[in-house]
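In structure tokens:
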């Protein structure tokens, strides 16, 4: 769930990408690219290797995605990889300097007049004070420059302290100490920059720095700072420095360079959708990279060594992706390629759901907004042994109608049992790491999920199958009606009882997405056995919310006269950007009243609350926190029949 100022990916999208859905992978990488670019760019201050480090970071993200157990931790994990890549580059530089001549070490320096932020800052008519901060960053140690990039992102709300601590691999308290020390060094560096740029300047300082080669370094920072503290002339120049926090907060989050964004838009989808199912060998610009027998890290290094420098390297992947690709494309096409689903080599996982954090449409004139929220979907990989109780208490299923959307969390099996849900789904054809007495229902999430292995898995899990997830939303499966109809016969081929695509909104609207799909399916003689719906209410008055939900469902039934599955619903208001939630008591009251109403509808075959997991630290609509610990809504759901 996104918090104010942050753009964390919906966990369901992370799971979908992790499970092999190429479209979800493309969306995930595209969303990660700006954050990685800002971290690496500021940490390296415009060095010629910025593009390569960004590319390598994203490559490693996709290659390691199959091992990510907690989808909600994706952002922290991404940041940690970026920081690690920056550190690795700095270590490589130090080793190279120790082995090369003075002449060799002068190759490819950062341009002091065209650093990472210079273009953006000049366009914003930056103040002199802000420019001092930008230049002062060059005087920090490499580790402090990386920390500065993270701290800046924390100051502007893109990361929180937990993200920073996770990236550094230290405790929150230790992180606070590190940040404090870095800020002190930054304040000193600002003082050094002001003194060095002063006009006419200090004659004694010019004599001290006569042997300086013009490259900022911690050693010269100490020398200049010592002089400034003891020199009355220099001290007057630097005496009015603002606290570094006030200036850092004003630094902009820079957009991707135009060519980077354009190339990703044009090429990312093609390459991502072309990701192969295994890696036996890759050709990079005609250079063969034989990776069979290599482990994941060796494969990544092989591809990295073979590729040309620069973010928009041109790669041809063994004839499988015969196009030029940019960084994100390298990640989507090569990264997913390299990942090879090492934990499940026989067949890639089917996709899970992608999030829709910003939607806020109305289900119908009488219904409240029905956007799909931003929590995480069901995982496709096993949870760690410590996160799943060894012997959960199995509770009697209280209703075969009652269900939940599920993804792994600490105590998921016990929570599923305690909920009394008769069925559950994971936005995928798999439910690895989740077990219990409840019935699992598979889903073909989007176009990237329509694979032979996913369809076979769905058939084996039968007898029911859920159709595409919110194809009417750009941030979800994002499909045209014609595309969905062209793929539908493959879903029919499973022989399962088949549910319609679950639109985010307007299921009863004449001429809407679902209406067009149902008309097209009827004209082609395609089978649709029941209607899938999503609904999210923004009216937190229980009686009004229940009435609006019932009216929406009734309108859909009146239009199609098919059984209905309500596969996502809760009270969440998306109309003001960030999701807003009712009080715990309001959500619980709605659970009780809505389940009673739904159970009274003869055509309502099944319903699923969104969702079983609840955030441990923020408001959500979930039923169980880690442990598991039932929320007020969770206790109401347990009692529902």
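Numbering (the numbering used here), first residue to last: 383 to 1023. Don't be surprised by glycine CBs; every beta carbon is placed ideally from N, CA and C. Treat the numbers as computed from the prediction; the structure is a model and nothing was measured.
- A distance of 9 Å or more separates the beta carbons of residue 535 and residue 550.
- A direct Cα-Cα distance of roughly 50 Å separates residue 579 from residue 448.
- Taking the Cα of residue 871 as reference, the smallest distance to any Cα among 860, 906, 894 and 885 is reached at 906.
- Taking the CA atoms as reference points, residue 811 sits about 19 Å from residue 910.
- Under the three-state reduction of DSSP, residue 892 is assigned to coil, being neither helix nor strand.
- According to the DSSP secondary-structure assignment, residue 1011 is paired through a beta bridge with 1007.
- Short of 7 Å from the beta carbon of residue 1019, and not among the five residues preceding or following it, lie these beta carbons of its own chain, in chain order: 801, 973, 991 and 1005.
- The beta strand (DSSP E) runs lying completely inside the segment 787-875 and spanning 3 residues or more are 803-807, given in chain order.
- At a Cβ-Cβ threshold of 9 Å, residue 820 and residue 840 do not count as neighbours.
- For residue 556, the uninterrupted alpha helix (DSSP H) run begins and ends at 554-579, by DSSP.
- If you draw a straight line from the Cα of residue 845 to the Cα of residue 913, it is about 16 Å long.
- Counting only residues of its own chain and dropping the five nearest sequence neighbours on each side, residue 456 has a CB closer than 7 Å to the CB of 391, 396 and 450.
- Between residue 892 and residue 866, the gap from beta carbon to beta carbon reaches 9 Å or more.
- Burial state of residue 1002 is buried, judged by a 10 Å Cβ sphere holding 16 or more other Cβ atoms.
- For residue 917, the enclosing beta strand (DSSP E) covers residues 913-919.
- Each of 824, 982, 610 and 783 was checked against the Cα of residue 936, and the nearest Cα belongs to 982.
- Assignment of residue 931 by DSSP, reduced to helix, strand and coil, places it in the helix class.
- Boundaries of the alpha helix (DSSP H) harbouring residue 615: 614-620, taken from the DSSP string.
- Between the alpha carbons of residue 898 and residue 862 lies a gap of roughly 10 Å.
- Listed as beta-bridge partners of residue 988 by DSSP are 947.
- Sixteen is the threshold: since fewer than 16 other Cβ atoms of the shown chains lie within 10 Å of the Cβ of residue 856, the residue is exposed.
- Nearest to residue 526 by C-alpha distance, out of 538, 919, 583 and 560, is 560.
- Counted as a single uninterrupted DSSP element, the alpha helix (DSSP H) harbouring residue 421 occupies residues 404-426.
- In the structure shown, residue 785 falls within a strand segment according to DSSP collapsed to helix, strand and coil.
- Between residue 954 and residue 920, the C-beta spacing is below 9 Å.
- Shown here, residue 995 sits in a strand according to DSSP, grouped into three states.
- Annotation: residue 787 to residue 916 spans about 12 Å, alpha carbon to alpha carbon.
- Remark: C-beta atoms of residue 1022 and residue 941 do not approach each other more closely than 9 Å.
- For residue 885, the secondary structure class from DSSP, reduced to helix, strand or coil, is strand.
- Between residue 949 and residue 848 the beta-carbon gap is near 6 Å, inside 8 Å, which marks them as a contact.
- Around the beta carbon of residue 595, fewer than 16 other beta carbons sit within 10 angstroms, so the residue counts as exposed.
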